[in-house]
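Here the protein sequences line up with chains A and B, keeping their order. The number in our numbering is simply the position in the first sequence, starting from 1, with 120 added. The number in our numbering is simply the position in the second sequence, starting from 1, with 87 added. We put the beta carbon where it would ideally sit given N, CA and C, even for glycine. Bear in mind that the values here come from a model prediction, so they are computed numbers and not experimental data. The structure under discussion appears below in the form of structure tokens.
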Amino acid sequence: MKKKNNILKKIANKAYEFGFVSKIKTEIIERGLNEDVIRLISKKKNEPEWLLEFRLNAYRHWLTLEMPTWAHLDIPPIDYQAISYYADPLKKSKENKNKEIDPELMKTFEKLGIPLEERLALSGTAVDAVMDSVSVKTTFKEELKEKGIIFCSMSEAVQEYPDLVRQYLGTVVNYRDNFFAALNTAVFSDGSFVYIPKGVRCPMELSTYFRINAANTGQFERTLIVADDGSYVSYLEGCTAPMRDENQLHAAIVEIVVNENAEVKYSTVQNWYPGDAEGKGGVYNFVTKRGDCRGRNSKLSWTQVETGSAITWKYPSCILRGDNSQGEFYSVALTNNYQQADTGTKMIHLGKNTKSTIISKGISAGKSQNSYRGLVRVSKNADGARNYSQCDSLLLGDKCGAHTFPYMDIHNNSAVIEHEATTSKISEDQLFYCNQRGIGTEEAIGLIVNGYAKEVLNKLPMEFAIEAQKLLSVSLEGAVG
Amino acid sequence: MSHEQEYIEIFGQNRALIEKPCAALLNAARAGAADRFAAMGFPGAKSEDWLHSNVAKRFATDYGMNLGRVEVKADMHTIFTCDVPNLKTRQAYIVNDTFKDGENSKELPEGVILAGLNEAAEKFPTLLQPYYNTLASEGDNIAQFNTMFAQDGVLLYIPRNTIIEETIQIVALLQANVEMLSNRRLLIILEENSKASLLICDHSSMEKQTLSTQVMEIFLARGADLDLYELEETAHNNCRLGHVYVRQMADSRFNHSNITLTNGFTRNYLNVSLEGRGAEANVNGLAIGDKSQHIDNHTLVDHKTGNCTSNELYKYILDEQSTGVFAGKMLIRPDAQQTVSQQTNRNLCLTSDAHMYAQPQLEIYADDVKCSHGSTVGQLDENALFYMQQRGIPADEARHLLMYAFAGEVIDNIKIEALRDRLHMLVEKRLRGDLNHCKGCALCK
């Protein structure tokens with residue numbers, strides 16, 4: 121028992137690998153939030169009038185809202201005036217007009233293992249890297265352009281493809297949607313924009329890497345993916361932040377539009393700084409992600425591996441509007457120490473013969489709280505809707521919590537909805553069996569947890585699956601009390 | 088003026104009238120409850136627990152409240168339809184909220200008290216003191232409302248090592264010639280190693296709108312064993328807000344079945360607190376709804392200590408424009424190790440106007456537990472229907488058989504054979520629409 125506890129401690133004390141701070145000259149605007157700040161952000165980004173109006177409307181609406189309290193989370197009060205809403209690591213001075221990327225910045229991304237340079241072309245992934253509020257570099261742009269695919273930062277898209285952006289921005293996640301969506305819409309700084317034209321199958325994985333570097337800043341990126349008729353794209357998202365004693369706020373929006381016969385696969389490995397073993401510091405991850413399957417036979421698949429963040433509040437959702445459209449949600453959420461997660465999905469069945477699958481695997485260790493919260497709604501006209509949900513929780517330690525809050529709102533008599541959930545700890549028998557065969561407890565737990573999460577990990581693209589597997593092992597090996 | 092304000096004023100103005108006929112024990116609890124109610128009000132539209140059941144609206148009707156305790160005459164024989172053949176029960180009645188003992192009732196074993204709550208609170212204040220309002224005081228708005236206004240109800244007290252073989256049946260009637268609001272209060276105390284089974288049938292045959300709140304507090308001491316069956320057969324103009332709070336000590340067993348056959352708007356709240364090792368709770372529910380019936384069951388099984396077992400099974404059959412709400416929570420507190428807890432909720436929606444809202448929830452803070460829940464919403468199995476028709480069973484009959492079997496799983500958990508048979512019969516009649524002036528719903532077509 122004692123030995124096991126030692127292993128637990130060791131793991132709990134395991135340092136956050138990506139916790140370094142990069143010494144990069146960063147331009148940060150004054151802390152605080154008001155209309156002038158929003159005008160300033162908009163001006164810095166040279167935005168058209170309609171976008172500024174869009175931001176201001178959201179801000180005015182945000183002022184009328186209160187922070188939601190329904191989640192199973194203990195969120196300390198957040199002072200929204202103590203945050204700086206814009207940090208630009210590029211700091212373009214007059215002598216530095218040619219937009220050279222700071223070598224420190226390159227180093228940062230190299231430390232993170234992000235192939236920013238095209239010498240890493242072998243990995244075959246196009247990357248958009250976002251540091252603090254600004255997209256610093258997008259790779260493989262030219263190759264993608266040949267196929268008509270647009271993959272660029274949001275600020276660039278606003279300048280170069282304003283009509284496309286205007287057509288889709290805010291149509292999936294309205295600024296009235298929730299508190300954090302309103303906040304994001306008011307102050308969003310950058311993010312990625314992807315447009316896949318009709319009938320095009322994106323030849324490589326598209327990837328965005330987010331990093332919060334500057335202190336006392338929030339990150340409010342906005343991603344918009346549009347998959348036109350018959351297209352396909354697989355999109356990956358990764359994130360890290362330095363170790364800081366104070367909490368950092370991350371409130372993003374991801375909007376996905378899936379048209380007829382199109383398919384989008386969105387994978388996330390979320391590894392924001394989770395805070396230290398005493399629960400000090402860490403990122404507050406309050407994210408609104410939603411896809412709208414507008415066309416017939418469209419398909420959207422969310423896969424997420426959530427290991428980071430002090431607090432996670434995130435429900436990647438699918439609106440299944442087109443007939444025969446499909447939504448999928450595969451999630452592994454791991455919490456350790458004092459981390460809290462309230463995550464899940466919403467499957468809104470509107471079209472006929474729509475299908476959704478939810479597989480959620482929660483792993484709680486230390487003193488963490490891990491909740492699954494998911495909604496399956498079948499509207500009156502969604503004939504033949506089908507849903508299968510499975511939510512399993514694994515408890516590693518007697519001080520943590522695992523909770524399941526599914527909601528089923530069924531308004532159609534032809535719907536078939538199934539939900540099941542189980543909660544248990546790692547079986548002594550399995551551990552004993554591994555030990556017997558000379559596999560140490562620590563390694564055995566890694567094995568069992570990876571096996572437990574395999575159903576989800578299998579859905580990730582190869583490179584991400586390996587990263588995710590490593591992450592799980594790092595955070596969990598031996599964490600059985 | 089808001090509805091809660093109206094009732095707070097009624098309470099303030101009529102306090103003397105309310106308290107005059109009542110025992111000190113009942114009156115002592117009112118002030119605190121009134122304060123808590125004033126702070127809480129009726130549940131708002133944003134309250135997650137009441138999201139699908141707008142209860143404040145139910146209090147909008149200008150109800151009469153029999154605060155002056157005018158005696159209501161009830162003819163048991165014409166109204167009473169709750170005769171269970173082959174089941175010899177020890178009967179008693181509650182008319183609105185007033186207790187009346189059954190005619191020709193046999194003597195109960197020595198020390199057992201089955202009486203009106205108010206009368207018992209006058210006679211045995213020290214016996215009731217440690218129990219009355221100890222669980223409900225922590226309760227929600229409706230529980231506080233009930234405590235403010237409750238004037239009578241039932242006390243069932245069973246001393247240690249006493250076993251009552253005969254089922255005790257309490258027939259609750261709603262009777263008045265105006266729109267009426269009544270507040271019933273039941274207190275059930277089983278001392279160590281005692282055993283009883285209790286059947287409570289809710290009836291109303293009134294033309295007028297009625298609203299009844301009911302708070303039942305149940306205390307099961309070590310090794311006590313209670314079977315509780317609640318059966319609702321009221322009318323479409325009735326609103327029932329029933330709260331049951333249970334505290335179970337070590338090795339006690341609580342077996343609960345809540346069956347809603349006909350009603351208007353029902354909200355049942357069940358709170359089972361497992362506080363001693365080895366306690367076991369089996370909670371079951373069946374709801375059959377058509378027309379605009381609204382059936383809402385909220386349950387909380389609270390595992391406060393380890394080595395306890397709980398099983399939960401709730402089933403709904405919803406037809407026409409009926410609405411079903413199920414929210415069941417299994418709460419496993421820190422250190423409640425070795426808990427075994429299972430929850431199942433299955434629902435049949437028969438029309439596209441029937442709505443089902445299901446929220447089976449697990450909240451777990453201990454690791455050495457076996458917990459699971461499952462929930463489904465669907466229709467009758469096409470293959471089974473086809474198979475039965477192939478074998479010469481007409482489609483309608485096949486549908487009935489399947490629905491009957493679906494409901495049967497809950498009824499089969501009832502321990503008393505005669506009652507089980509009776510319920511099988513009632514459910515079959517209900518599904519065929521023979522019950523309670525059915526005007527031919529889709530269920531019985």
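- Inclusion of G411(B) and G376(B) in the CB contact set at 9 Å is warranted, their separation being smaller than that value.
- K545(A) reaches chain B at D454 and D455, counting residues in chain order whose Cβ is nearer than 7 Å.
- The three-state reading of DSSP puts V378(A) in strand, counting E and B together.
- The residue among L516(A), G350(A), T542(A) and S534(A) with its C-alpha nearest the C-alpha of E548(A) is L516(A).
- Secondary structure remark: continuous beta strand (DSSP E) runs of at least 3 residues inside the segment 300-374 of chain A, in chain order: 312-316, 325-331, 342-347, 352-360 and 367-370.
- Counting along the chain, the unbroken alpha helix (DSSP H) around C554(A) starts and ends at E548 to Q556.
- Using a CB distance below 9 Å, the part of the segment 518-535 of chain A facing chain B consists of D518, K519, C520, G521, A522, H523, T524, F525, P526, Y527, M528, D529, I530, H531, N532, N533, S534 and A535, ordered along the chain.
- Distance from the CA of N154(A) to the CA of Y288(A), rounded to the nearest whole angstrom, comes to 26 Å.
- Secondary-structure assignment with DSSP links F449(A) through a beta bridge to W422(A) and I478(A).
- At a cut-off of 9 Å between beta-carbon atoms, T249(B) makes no contact with chain A.
- L489(B) and D483(B) have their C-alpha atoms spaced approximately 10 Å apart.
- For L580(A), the three-state secondary structure derived from DSSP is coil.
- Contact annotation: K481(A) and E587(A) have beta-carbon atoms that are not nearer than 9 Å.
- By the criterion of at least three beta-carbon pairs nearer than 8 Å, the segment 477-493 of chain A is not in contact with the segment 545-563 of chain A.
- At least 9 Å separates the beta-carbon of I316(A) from that of I373(A).
- If the five residues before and after V333(B) are omitted, its C-beta is found closer than 6 Å to the C-beta atoms of I305, F341 and V359, all from its own chain and listed in chain order.
- With a cutoff of 9 Å on beta-carbon distance, N355(B) and H390(B) are scored as not near each other.
- Taking a beta-carbon distance threshold of 9 Å, D422(B) counts as an interface residue toward chain A.
- Across the set L138(B), Q296(B), Y218(B) and I181(B), the C-alpha of I181(B) shows the shortest separation from the C-alpha of E158(B).
- Taking a Cβ-Cβ cut-off of 9 Å, Y316(B) has no neighbours in chain A, whose nearest Cβ is about 28 Å from it.
- Here D508(B) carries a helix assignment [DSSP, helix/strand/coil].
- Judged by DSSP in its simplified three-state form, F493(B) adopts helix.
- When beta bridges are read from the DSSP output, A179(B) appears opposite D188(B) and I257(B).
- Taking the Cα positions, K133(B) is about 36 Å away from C109(B).
- In this structure N444(A) touches N417(A) by the C-beta definition: roughly 5 Å separates them, less than 8 Å.
- Residue contact check for T221(B) against chain A: no CB pair falls below 9 Å.
- Taking a cut-off of 8 Å for Cβ pairs, the segment 492-502 of chain A and the segment 526-546 of chain A touch, as three or more such pairs fall below it.
- M443(B) has a beta carbon lying within less than 9 Å of a beta carbon in chain A.
- DSSP, reduced to helix, strand and coil, places T148(B) outside both helices and strands of the structure shown, so it counts as coil.
- Around the beta carbon of P394(A), 16 or more other beta carbons sit within 10 angstroms, so the residue counts as buried.
- Looking at the DSSP output, P526(A) sits in a beta bridge with G494(A).
- Per DSSP, reduced to three states, the secondary structure at E276(A) is helical.
- Taking 8 Å as the upper bound on Cβ-Cβ separation, chain A lies near residues S459, H460, G461, S462, T463, V464, G465 and Q466 of the segment 459-475 of chain B.
- With a beta-carbon spacing of about 6 Å, R486(B) and L467(B) fall inside the 8 Å limit used to define contacts.
- Comparing alpha carbon positions, the residue from N101(B), D184(B) and S459(B) closest to K545(A) is S459(B).
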